[in-house]
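Here is the structure we will look at.
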Amino acid sequence: MTDTPFDWMAAANKKAKGKRPEYFDDPEDERMLSILMAVVGEVSVLRERMDTVERLLDAKGTINRDDIERYTPDKQAAYERGAMIREYIYRVMRGPHQMVEELQQTEPPVEEVSRELKEI
Amino acid sequence: MSSSTTPEQKVTDQKLDVAPPYNAVARHGVSPTPSHDEVARFDFLANFNKFLSGSLGAGNQLTYDRRVLPAFLKEHGREPQDRFEIRHAMNDDPFHKFWSALKRNSMEMRQQNGRSMVLRQIDELNAKARQYNEGRDTLELNPEIDVPRYQSAVDIHCMPGSYHGEELSGDVSAGANYDCGIFATTAGGLGALSDGGGQALVDWIKKERPGWQPRRMLDIGTTVGHNIVPLALAFPDCEFIAIDTAAPILRYAHARAQSLGATNIRFIQANAEDLSRWDNGTFDWVQTTMFLHETSGKALPKIIAEGYRVLADNGLMLHLEQPEYSDAMPLFEQFLRDWDAFNNNEPFWSSMHALDMKEEMVKAGFDREELFETGVRAVVDQEIFPEAPTGEDEDHGRAAYWHAYGAWKNADQI
Ligand SMILES: C[S@@+](CC[C@H](N)C(=O)[O-])C[C@H]1O[C@@H](n2cnc3c(N)ncnc32)[C@H](O)[C@@H]1O
Chain A
0 MTDTPFDWMA AANKKAKGKR PEYFDDPEDE RMLSILMAVV GEVSVLRERM
50 DTVERLLDAK GTINRDDIER YTPDKQAAYE RGAMIREYIY RVMRGPHQMV
100 EELQQTEPPV EEVSRELKEI
Chain B
0 MSSSTTPEQK VTDQKLDVAP PYNAVARHGV SPTPSHDEVA RFDFLANFNK
50 FLSGSLGAGN QLTYDRRVLP AFLKEHGREP QDRFEIRHAM NDDPFHKFWS
100 ALKRNSMEMR QQNGRSMVLR QIDELNAKAR QYNEGRDTLE LNPEIDVPRY
150 QSAVDIHCMP GSYHGEELSG DVSAGANYDC GIFATTAGGL GALSDGGGQA
200 LVDWIKKERP GWQPRRMLDI GTTVGHNIVP LALAFPDCEF IAIDTAAPIL
250 RYAHARAQSL GATNIRFIQA NAEDLSRWDN GTFDWVQTTM FLHETSGKAL
300 PKIIAEGYRV LADNGLMLHL EQPEYSDAMP LFEQFLRDWD AFNNNEPFWS
350 SMHALDMKEE MVKAGFDREE LFETGVRAVV DQEIFPEAPT GEDEDHGRAA
400 YWHAYGAWKN ADQI
């Protein structure tokens with residue numbers, strides 16, 4: 000028997016024991032949201048990496064991969080990157096975020112407004 | 000004070016509430032080394048969790064007040080009687096459902112992201128831990144200690160494999176994953192070494208009993224020792240015993256503590272329900288921090304009673320937890336605080352927080368007059384880490400602000 004190497008990528012995906020709650024009527028929606036949220040996370044990672052590259056290029060003109068891995072933001076850069084992530088989160092979370100505003104005021108369907116405008 | 004302006008002082012426009020970067024986390028001898036992108040994953044999650052408990056979380060109260068409660072009143076002709084009725088009603092609400100689904104995903108991502116960082120370097124981490132652990136009598140593992148049912152029924156807080164799981168034999172991945180990811184779920188609220196609770200205890204005891212020198216201290220359910228290492232460093236002449244039922248966690252905890260210079264802690268694999276190896280009155284201080292909610296209805300009183308027995312007269316018992324669900328706490332807040340119980344695999348959380356902790360301590364042997372309660376807020380380097388928000392933006396159940404239930408045993412008789 001050969002020693003099969005430990006597949007850490009598969010192991011990282013292990014499911015936690017305990018039945019997962021269902022949030023949506025269709026179980027496929029659960030899977031879709033999990034994929035979408037993973038992609039949302041990864042896009043943020045790409046943006047942060049791009050920001051690192053840009054900052055290093057600004058500072059040194061030329062860089063290599065080690066520079067990227069070793070990069071540590073100073074306090075101001077850390078704040079700016081936090082703000083960048085926050086801005087990104089607000090942009091992608093627009094839909095659910097607008098639900099909060101919807102809850103603050105009940106609005107008539109636009110059809111109703113349309114009927115009203117015809118008469119005034 | 001010097002009159003020169005440091006660069007920090009010029010940074011005056013940092014007004015948005017953003018999480019500190021994961022780079023700011025301090026490293027110790029067995030910390031997993033994050034790649035650039037692994038840092039970025041935790042940066043995303045830390046800020047996303049802030050969004051979930053802040054701006055988006057505000058929708059929970061709104062939807063309750065405007066939609067869920069009015070519909071409940073109409074249907075039942077009365078207010079909800081308890082947090083469970085609120086939960087059942089809220090679970091049908093489209094806003095709350097979506098918010099919960101996002102939060103569950105954030106918890107699952109935190110686990111995946113932490114595990115992938117740890118497991119890709121597991122051989123190095125195990126080797127580093129071995130260097131600190133091998134041949135040291137300050138780590139005592141007992142394979143005959145069983146994993147209690149309340150630890151194995153589900154994987155607590157959706158941590159695959161829980162505290163006791165091993166990927167490779169003798170490995171420390173459970174500890175390393177627990178240690179790295181707590182930054183993301185608390186958005187940095189626990190400080191550079193995630194030990195803000197322990198730091199706060201050091202400050203508290205030095206004010207409460209200036210000059211006190213405990214001889215021996217017991218930390219029950221220590222996990223990776225986050226909150227015992229600061230105390231061990233503050234009381235170098237005290238002998239610390241830190242117990243846990245899970246071996247992988249203890250291997251990591253011991254290596255971490257040794258690398259941080261806390262060599263006066265002995266980590267022992269033991270079950271707190273049975274402390275018979277220690278005589279009556281062995282310890283001057285017995286404590287649990289964020290632990291009791293992960294036990295069970297029968298285990299909790301046993302653990303407190305055993306703790307009482309091994310505590311010496313004039314000794315301190317202290318339990319740090321989230322506040323209990325007293326009658327004074329609005330049912331809606333109780334419901335919010337219960338989210339982890341049902342959505343993040345904390346099956347004893349809800350029942351535990353409904354207990355009257357003072358009553359439990361009296362049952363264990365304390366006089367009611369010996370009991371005290373106090374609030375403990377994580378002590379962090381505020382140049383970098385945020386002070387834990389409480390109130391509107393609080394991440395209920397996770398805020399780095401705890402309630403301490405304590406007692407000095409027979410202090411009045413001395
Ligand atoms: C939530 S963690 C405690 C956190 C830790 N005290 C801190 O402040 O960072 C719960 C820990 O208790 C351990 N545990 C659970 N039941 C136990 C028992 N009966 N005796 C000892 N340890 C136990 C688990 O293995 C786990 O590591």
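The listed protein sequences derive, respectively, from chains A and B.
Under numbering that gives the first Met the number 0, the first residue of the first sequence is numbered 0, with each subsequent residue one higher.
Under numbering that gives the first Met the number 0, the first residue of the second sequence is numbered 0, with each subsequent residue one higher.
The beta carbon of each residue, even a glycine, is placed where N, CA and C say it ideally should be.
Please read these numbers as outputs of a predicted model, since none were measured by experiment.
- Secondary structure note for F234(B): it is in no beta strand (DSSP E), with a DSSP letter that is neither H nor E.
- For the stretch 129–156 of chain B, the set of residues with a beta-carbon nearer than 9 Å to any beta-carbon of chain A comprises S151, A152, V153, D154, I155 and H156, in chain order.
- Between the C-alpha atoms of D392(B) and K49(B) there is a straight-line separation of about 8 Å.
- With 16 or more other CB atoms across the displayed protein chains lying within 10 angstroms of its CB, Y251(B) is buried.
- Remark: the C-beta of T185(B) is outside contact range of ligand 1, defined as less than 7 Å to any heavy atom.
- Ligand 1 approaches Y162(B) closely enough that one of its heavy atoms is under 7 Å from the residue's Cβ.
- Only residues of its own chain outside the window of five on either side were considered, and among them L291 have a CB closer than 6 Å to the CB of L299(B), listed in chain order.
- Taking a contact as a CB-CB distance under 8 Å, the pair N22(B) and P108(A) does not count as one, their CB atoms being some 49 Å apart.
- For N112(B), the uninterrupted alpha helix (DSSP H) segment begins and ends at P93 to R119.
- Distances between the C-beta of E272(B) and the heavy atoms of ligand 1 include at least one below 7 Å.
- Contact between the stretch 81–99 of chain B and the stretch 333–346 of chain B is present: 3 or more CB-CB pairs across the two stretches fall below 8 Å.
- A heavy atom of ligand 1 is found nearer than 7 Å to the CB of D243(B).
- For Y400(B), the uninterrupted beta strand (DSSP E) run begins and ends at Y400 to W407, by DSSP.
- Within the model, the alpha-carbon separation for A57(B) versus A70(B) is close to 20 Å.
- Scanning chain A for C-beta atoms nearer than 9 Å to the C-beta of M328(B) yields nothing, as the closest lies near 24 Å away.
- In the assembly as shown, S172(B) is a buried residue. Its beta-carbon has 16 or more other beta-carbons within 10 Å.
- Straight through space, the alpha carbons of H402(B) and R376(B) are spaced by roughly 9 Å.
- Within the same chain, and ignoring the five residues on either side of A199(B) in sequence, the residues whose Cβ sits closer than 7 Å to its Cβ are V375, R376, A377 and V378.
- Between R397(B) and W407(B), the alpha-carbon positions lie close to 28 Å from each other.
- E207(B) and I303(B) have their alpha carbons spaced roughly 23 Å apart.
- The secondary-structure analysis by DSSP pairs H87(B) with nothing; it has no beta-bridge partner.
- By the Cβ test, the stretch 103–119 of chain B is in contact with the stretch 35–48 of chain B, since at least three Cβ pairs between them sit closer than 8 Å.
- Fully contained in the stretch 140–192 of chain B is no beta strand (DSSP E) run of length 3 or more.
- Within the model, the alpha-carbon separation for A363(B) versus G306(B) is close to 9 Å.
- For ligand 1, a non-hydrogen atom lies closer than 7 Å to the CB of E293(B).
- E47, R48, T51, I67, E68, Y70, T71, P72, K74, Q75, A77 and Y78: these are the residues of the stretch 45–78 of chain A whose beta carbon lies less than 7 Å from some beta carbon of chain B, given in chain order.
- In the DSSP assignment, H318(B) falls within the unbroken beta strand (DSSP E) covering L310 to E320.
- Three or more beta-carbon pairs separated by less than 8 Å link the stretch 129–138 of chain B to the stretch 249–269 of chain B, which places the two stretches in contact.
- With contact defined as three or more Cβ pairs closer than 8 Å, the stretch 91–102 of chain A and the stretch 47–65 of chain A are not in contact.
- For M31(A), the closest Cβ of chain B is not nearer than 8 Å.
- Check the Cα spacing between F94(B) and each of E115(A), I88(A), E101(A) and Y89(A): the tightest is with E101(A).
- A distance criterion of 7 Å places the beta-carbon of M289(B) in contact range of ligand 1, judged by its closest non-hydrogen atom.
- Relative to N176(B), the option among E320(B), E107(B), D91(B) and G53(B) whose CA is nearest is E107(B).
- Relative to the non-hydrogen atoms of ligand 1, the Cβ of Q150(B) comes within a distance shorter than 7 Å of at least one.
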